[in-house]
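What follows is a short report on a single structure.
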Amino acid sequence: MKKLVLFGAGKIGRSFIGQLFALSGFEVVFVDIYEPVIRELNRRNEYHVVIKSAQPDVIIRVGNVRGVLGNEEDKVAEELSDCDIAAISVGQKGLPQVITTVAKGLILRQKKFGRKPLDIILAENMRYADQYVNDILHSVLDKDYPVDDLVGLIETSIGKMVPIMPQEEQEKDLLQVYAEPYNTLILDKKAFKNPIPEVKGLAPKDNIKAWIDRKSYIHNFGHAAAVYAGFLVNPSVQYLADILKISSVKKFARSAMLQSVNVLMKKYPGEFTLSELSDHIDDLLHRFENRALGDTVFRVGCDLKRKLHRNDRILSPLIDGIQVSAPVNKIMLTFAYGLCFRARDENGNMLPDDVEFSKALHEKGLSFVLSNICGLSPTEDSKIINRILSTTWNVLPLKLTLEQVFSKQVSIKNRWS
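Mapping to the numbering used here: the sequence shown position 344 is 327, numbers consecutive.
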């Protein structure tokens, strides 16, 4: 039986990557630092994925699974030395430690089998994940280890949304995980060193950068447009699905997503058609409206330091759009609405980083935030910064620029309906 070593036994790991490979006949070895999950995987050798939609629940049994603790590095190295393929789904903060462990497995693999390449699927929601991991590998491996020859770093576009499980359900079954029906893993066709595995649900693409930007510029951006606009309209709404019941919010989100689509098509001419991407928008909005996901406005919108950064879902299409002279007014407004996002979790708390973001905006102003938190260079990005600062906020009774809005802390109220 072929073997996948999967770092990360979290929601995406279990509901998506592990499920796809296990159902296609692979043994899946999860590597994680959370001992209770590893212990339970080894006791049961299976878990269940519950598909949540408007239809009755569908339960999928995922078998042929086991686990290894991430801090048992010798055991992890052994698993990597003879596996057929590996995958990583731990989040960007966990990558440096995981890649250090992976390096030990690569060394052992070379000792045992010589020049036997290993493909590693990077199931992370981050741009340039391949370069990020490549840099870490080069820093921890000896100079003479042929990283570029023996390691395939497979970037992905993760479009899977994982519903929030009620606490009582988590306590009943530690391994069970909810998932939406969508089950397609878009990945980099050209990065494989070995033949692409025959796994149902894999969708290899020649131009993975375009497809990663498609995820960021449409899916992630659409999330942002909906919740940031929706929070201004009605800050008491808790769920994403309910935000999209507000017609003005859904209309704004769709029109803003279409602007981002226009930027994407100019950036990658010939890769997509307007018809395809318009259908994709409608499919996404339908999926966002899946009440069974239980996705909250707080979860979708929080973490402003990341989501309002120049390399993320709003500023990236905004910058690209300005560079190609595309209309960006609704992308710009999405960014402005994001600056006002103050949603709280079920306990009434803002994310601590978002409190810091809000405090910096209030005390030091928008120019400071753009340069010191959002990652825009005062010199290289001066044109972008000036464009943002001089943009007119068009839902206020007064005609103010964004710079004036956030320097005066004007009370911002909806003026759409």
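Think of the CB as a built atom: it goes at the ideal place given N, C-alpha and C, for glycine as much as any other residue.
Only a predicted model underlies this, so the values are computations on that prediction, with no experimental measurement involved.
(message) Looking only at its chain, what residues have a beta carbon closer than 7 angstroms to the beta carbon of residue 314, apart from the 5 residues adjacent to it on each side?
(response) So the list reads 239, 242, 243, 297, 300, 301 and 304, once near-sequence residues are dropped.
(request) Rounded to whole angstroms, what's the CA-CA distance from residue 403 to residue 45? Just pull it up for me. (result) As displayed, the chain neither begins before -16 nor continues past 400, which places residue 403 out of reach and without an answer.
(request) Would you mind stating whether residue 135 and residue 156 have Cβ atoms separated by less than 8 angstroms? (result) 8 angstroms or more divides the Cβ of residue 135 from the Cβ of residue 156.
(message) Spatial neighbours of residue 58 within its chain, please: C-beta separation below 7 angstroms, excluding the five flanking residues on both sides.
(response) Hits under 7 angstroms: 51.
(message) DSSP has residue 175 in a bridge; who is on the other side?
(response) DSSP, once it has assigned bridges, lists no residue as partnering residue 175.
(request) Classify residue 304 as helix, strand or coil using the three-state DSSP reduction. (result) Here DSSP, grouped into helix, strand and coil, assigns residue 304 to helix.
(request) Return the first residue and the last residue of the beta strand (DSSP E) that residue 341 is part of. (result) Going by DSSP, residue 341 is part of no beta strand (DSSP E) but of the alpha helix (DSSP H) stretching over 335 to 347.
(request) Identify, in the order they occur along the chain, each residue of the same chain with its Cβ nearer than 8 angstroms to the Cβ of residue 232, setting aside the five sequence neighbours on each side. (result) The residues are 209, 212, 213, 216 and 226.
(request) Per DSSP, which residues does residue 29 bridge with? Please list them. (result) DSSP, once it has assigned bridges, lists 46 as partnering residue 29.
(request) Can you give me the Cβ contacts of residue 224 inside the same chain, cut-off strictly under 6 angstroms, excluding the 5 residues immediately before and after it? (result) The answer, listed in chain order, is 272 and 274.
(message) On the CB-based measure, 16 or more other CB atoms within 10 Å of its CB, does residue 203 come out buried or exposed?
(response) Here residue 203 is buried. Its C-beta has 16 or more other C-beta atoms within 10 Å.
(message) Let me check understanding here. Comparing Cα to Cα, which of 55, 37 and 177 lies closest to residue 99?
(response) Ranked by Cα distance from residue 99, the first of 55, 37 and 177 is 177.
(message) Measuring CB atoms only, is the region 154 to 169 touching the region 186 to 196, in the sense that at least three cross pairs come out at less than 8 angstroms?
(response) The way I'd put it, the region 154 to 169 does touch the region 186 to 196; three or more beta-carbon pairs between them come closer than 8 angstroms.
(message) According to DSSP, is residue 384 part of a helix, a strand, or is it coil?
(response) Strand at residue 384.
(request) Using the Cα positions of residue 92 and residue 327, report the straight-line distance between them to the nearest angstrom. (result) Rounded to whole angstroms, the gap between the alpha carbons of residue 92 and residue 327 is 47 angstroms.
(request) Quick one: grab the DSSP three-state call for residue 326. (result) Residue state, collapsed to three classes: coil.
(message) Is it buried or exposed, residue 398, if we count other Cβ atoms within 10 angstroms and call 16 or more buried?
(response) The predicted model places residue 398 with a pLDDT of 40, which falls under 50 and marks its position as unreliable; any figure quoted below should be read in that light. By the neighbour-count rule (16 or more Cβ atoms within 10 Å), residue 398 is not buried but exposed.
(message) Cutting at 8 angstroms between CB atoms, please list the residues of its own chain near residue 278, excluding the five before and the five after it.
(response) Hits under 8 angstroms: 144, 146, 147, 222, 223, 224 and 271.
(message) Please state the DSSP three-state secondary structure of residue 287.
(response) In the displayed model, residue 287 falls within a helix according to three-state DSSP.
(request) Run the CB neighbour count on residue 96, radius 10 Å, all protein chains shown included, and call it buried at 16 or more, exposed below. (result) Exposed is the call here.
(request) Starting from residue 79, trace the alpha helix (DSSP H) both ways and give me its first and last residue. (result) Residues 78 to 96.
(message) Tell me which residue opens and which closes the alpha helix (DSSP H) that residue 246 is part of.
(response) Its alpha helix (DSSP H) spans residues 230 to 250.
(message) If you reduce the DSSP assignment to three classes, tell me which class residue 124 lands in.
(response) It is coil, neither helix nor strand.
(request) Quick one: grab the DSSP three-state call for residue 5. (result) Residue 5 carries a helical assignment under DSSP once its states are collapsed to helix, strand and coil.
(request) Answer yes or no: do residue -12 and residue 24 have a C-beta to C-beta separation smaller than 8 angstroms? (result) In this structure, residue 24 does not lie closer than 8 angstroms to residue -12 by Cβ.
(message) Can you tell me which residues form a DSSP beta bridge with residue 139?
(response) Its beta-bridge partners are 170.
(request) For residue 8, count neighbouring C-beta atoms within 10 Å of its own C-beta (all shown protein chains included) and say buried if the count is 16 or more, exposed if not. (result) Burial call: exposed.
(request) Please determine, among 354, 151 and 366, the residue with the shortest C-alpha to C-alpha distance to residue 306. (result) Selected option, being the one with the closest Cα: 366.
(request) Flag this pair as yes or no: are the beta carbons of residue -15 and residue 65 separated by less than 8 angstroms? (result) No, the Cβ-Cβ distance between residue -15 and residue 65 is not below 8 angstroms.
(request) In angstroms with no decimal places, state the Cα-to-Cα distance between residue 350 and residue 324. (result) Going from the Cα of residue 350 to the Cα of residue 324 covers about 18 angstroms.
(message) Tell me which residues share the same chain as residue 36 and place their Cβ nearer than 8 angstroms to its Cβ, disregarding the 5 neighbours each side in the sequence.
(response) Correct list, in chain order: 163, 164, 273 and 275.
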